[in-house]
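Engineer: Residue numbers (the working numbering): 248 to 542.
Here you go:
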């Protein structure tokens with residue numbers, strides 16, 4: 248990994264930062280035994296939480312946040328590097344990925360007070376986020392969202408439902424996208440939601456898409472949001488959210504590439520140890536070698 252950064256970014260002003268990011272991520276990996284990924288993939292919640300704490304302790308949650316707010320800078324590439332390295336050892340976490348990309352609307356369009364109150368505490372891990380976008384009838388088609396936020400005086404009243412919300416139970420705040428105008432096409436807005444607000448109920452979903460992750464149905468029943476919970480302009484939430492989701496796609500891609508690297512390494516090790524028909528390792532058979540060589 249370092250060789251790639253040296254080759255591509257030797258003249259970049261961020262070169263030393265990227266090297267530092269790599270070393271910090273590798274330091275997180277060294278805190279856990281070589282087979283920790285097996286326990287994590289099997290849903291070891293304690294290990295999952297320990298990995299998240301280690302990432303925060305290494306200061307890596309400050310990636311992508313401007314230094315003037317106490318972050319590390321480094322932009323999206325720094326976050327991708329960390330995700331890839333952790334994934335290579337089976338330790339990547341959707342919790343850290345979600346915090347990274349869900350802050351984008353806030354950092355780009357939030358007020359100074361919103362950034363100070365919500366984004367800055369996420370750098371140290373003092374506060375964490377979930378992203379409240381997906382609904383039972385609105386997955387990749389964000390503009391099908393039906394959750395409503397109606398303005399009443401100096402408040403917004405929220406009603407609706409979200410689904411497949413990772414770590415909703417552990418998040419302090421949620422970045423919520425809701426419909427604020429039934430008449431206008433795609434009139435969506437983004438809010439910062441205190442996850443302890445009255446009127447929020449959660450139901451854990453019985454799925455396991457990523458070791459140790461928890462997904463929830465989240466229900467909103469007349470949840471009150473203060474006027475300053477609105478991020479940026481009303482009706483611009485679709486644009487804001489997609490900017491963050493584009494970053495998320497790159498980080499999830501890094502997770503997939505790193506996990507594939509882990510799978511290949513573990514497979515090669517296994518076929519060289521596993522023996523069939525006497526003392527011949529499985530990896531000595533050509534039919535096994537060909538697909539491994541291809542990838």
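Every residue gets a Cβ at the ideal spot worked out from N, C-alpha and C, and that includes glycine.
Does the structure place the segment 466-480 close enough to the segment 506-521 that three or more beta carbon pairs sit under 8 Å?
Structural biologist: Result no; under three Cβ-Cβ pairs closer than 8 Å.
Engineer: Return helix, strand or coil for residue 493, following the three-state DSSP convention.
Structural biologist: Taking the chain shown and counting its residues from 1, the one referred to as residue 493 is at position 246. DSSP places residue 493 in helix when its eight states are reduced to three.
Engineer: Using only CA atoms, which one of 309, 348, 376 and 403 lies nearest to residue 476?
Structural biologist: Locating residue 476 in the chain shown gives position 229, where the first residue counts as 1. Out of 309, 348, 376 and 403, 403 has the C-alpha closest to the C-alpha of residue 476.
Engineer: Buried or exposed: residue 463, going by 16 or more other Cβ atoms within 10 Å of its Cβ?
Structural biologist: Counting from 1 along the chain shown, the entry for residue 463 is found at position 216. By the neighbour-count rule (16 or more Cβ atoms within 10 Å), residue 463 is buried.
Engineer: Is it buried or exposed, residue 315, if we count other Cβ atoms within 10 angstroms and call 16 or more buried?
Structural biologist: In the chain shown, the residue the question calls residue 315 occupies position 68. Exposed: under 16 other Cβ atoms inside 10 Å.
Engineer: Could you tell me the distance, in whole angstroms, from the CA atom of residue 528 to the CA atom of residue 356?
Structural biologist: Within the chain shown, residue 528 is the residue found at index 281, counting from 1. Within the chain shown, residue 356 is the residue found at index 109, counting from 1. Looking at the two C-alpha atoms, the distance is approximately 58 Å.
Engineer: Classify residue 462 as helix, strand or coil using the three-state DSSP reduction.
Structural biologist: For this step, residue 462 is matched to residue 215 along the chain shown. Strand, per DSSP.
Engineer: Start and end of the alpha helix (DSSP H) containing residue 370?
Structural biologist: In the chain shown, residue 370 corresponds to position 123, counting from 1. That run of the alpha helix (DSSP H) goes 367-371.
Engineer: Rounded to whole angstroms, what's the CA-CA distance from residue 409 to residue 500? Just pull it up for me.
Structural biologist: Locating residue 409 in the chain shown gives position 162, counting from the first residue. Locating residue 500 in the chain shown gives position 253, counting from the first residue. Each residue's Cα considered, the two are about 24 Å apart.
Engineer: Please report how far the alpha carbon of residue 318 lies from the alpha carbon of residue 310, in whole angstroms.
Structural biologist: Against the chain shown, residue 318 aligns to sequence position 71. Against the chain shown, residue 310 aligns to sequence position 63. Answer to the nearest angstrom: the Cα atoms are 6 Å apart.
Engineer: Can you tell me where the beta strand (DSSP E) with residue 532 in it begins and where it stops?
Structural biologist: Taking the first residue of the chain shown as 1, we reach residue 532 at position 285. From DSSP, residue 532 is part of no beta strand (DSSP E); its letter is neither H nor E.
Engineer: Buried or exposed for residue 537, please, with buried defined as at least 16 other CB atoms from any protein chain shown within 10 angstroms of its CB.
Structural biologist: Taking the first residue of the chain shown as 1, we reach residue 537 at position 290. Flag for residue 537 reads exposed.
Engineer: In terms of alpha-carbon separation, which member of 427, 352, 478 and 420 lies closest to residue 405?
Structural biologist: Position 158 of the chain shown holds residue 405. Residue 405 has its Cα closest to that of 427, out of 427, 352, 478 and 420.
Engineer: Quick check on residue 401: does DSSP put it in helix, strand or coil?
Structural biologist: Here residue 401 refers to the residue found at position 154 when the chain shown is read from its first residue. Of the three classes helix, strand and coil, the one that applies to residue 401 here is coil, per DSSP.
Engineer: Scan the segment 302-389 and note each continuous alpha helix (DSSP H) run of 4 residues or more that stays entirely inside, going in chain order.
Structural biologist: Runs of the alpha helix (DSSP H) inside the segment 302-389: 322-335, 341-349, 351-356 and 367-371.
Engineer: Mark residue 413 as exposed unless 16 or more other C-beta atoms lie within 10 angstroms of its C-beta, in which case mark it buried.
Structural biologist: For the purposes of this step, residue 413 is taken as residue 166 along the chain shown, with counting starting at 1. Buried, by the Cβ-count rule.
Engineer: Taking buried to mean at least 16 other C-beta atoms within 10 Å of its own C-beta, is residue 326 buried or exposed?
Structural biologist: As a working note, residue 326 is residue 79 in the chain shown. Label assigned to residue 326: buried.
Engineer: Spell out the partners DSSP gives residue 396 in its beta bridges.
Structural biologist: Sequence index remark: in the chain shown, residue 396 carries index 149 (1-based). In the DSSP output, where bridge partners are listed per residue, residue 396 has 405.
Engineer: Judging by CA-CA distance, which residue of 269, 260, 486 and 358 is the nearest neighbour of residue 330?
Structural biologist: Here the question's residue 330 lines up with position 83 in the chain shown. Nearest of 269, 260, 486 and 358 to residue 330, Cα basis: 269.
Engineer: Check residue 473 in the structure and name its three-state DSSP category.
Structural biologist: In the chain shown, the residue the question calls residue 473 occupies position 226. Reduced to three states, the DSSP call for residue 473 is strand.
Engineer: From what residue to what residue does the alpha helix (DSSP H) around residue 429 run?
Structural biologist: As a first step, residue 429 must be located in the chain shown, where it is residue number 182. It is not in any alpha helix (DSSP H) - residue 429 carries neither H nor E in the DSSP assignment.
Engineer: Taking only the alpha-carbon atoms, compute the straight-line gap between residue 401 and residue 266 and give it to the nearest angstrom.
Structural biologist: Looking up residue 401 in the chain shown gives position 154. Looking up residue 266 in the chain shown gives position 19. Near 48 Å, if we compare the C-alpha coordinates of residue 266 and residue 401.
Engineer: What does DSSP give as the partner residues of residue 517 in its beta bridges?
Structural biologist: Here residue 517 is taken as the residue at index 270 of the chain shown, counted from 1. Paired residues: none, contrary to the question.
Engineer: What separation, rounded to the nearest whole angstrom, lies between the Cα atoms of residue 366 and residue 437?
Structural biologist: Position 119 of the chain shown, counted from the start, is the residue given in the question as residue 366. Position 190 of the chain shown, counted from the start, is the residue given in the question as residue 437. Cα-Cα distance, rounded: 15 Å.
Engineer: Mind checking which residues open and close the alpha helix (DSSP H) that includes residue 270?
Structural biologist: For the purposes of this step, residue 270 is identified with residue 23 of the chain shown, where counting begins at 1. Per DSSP, residue 270 belongs to the alpha helix (DSSP H) from 262-277.
Engineer: Return yes when the Cβ of residue 491 is within less than 8 Å of the Cβ of residue 349, no when it is not.
Structural biologist: In the chain shown, counting from the first residue as 1, residue 349 sits at position 102. In the chain shown, counting from the first residue as 1, residue 491 sits at position 244. Yes.
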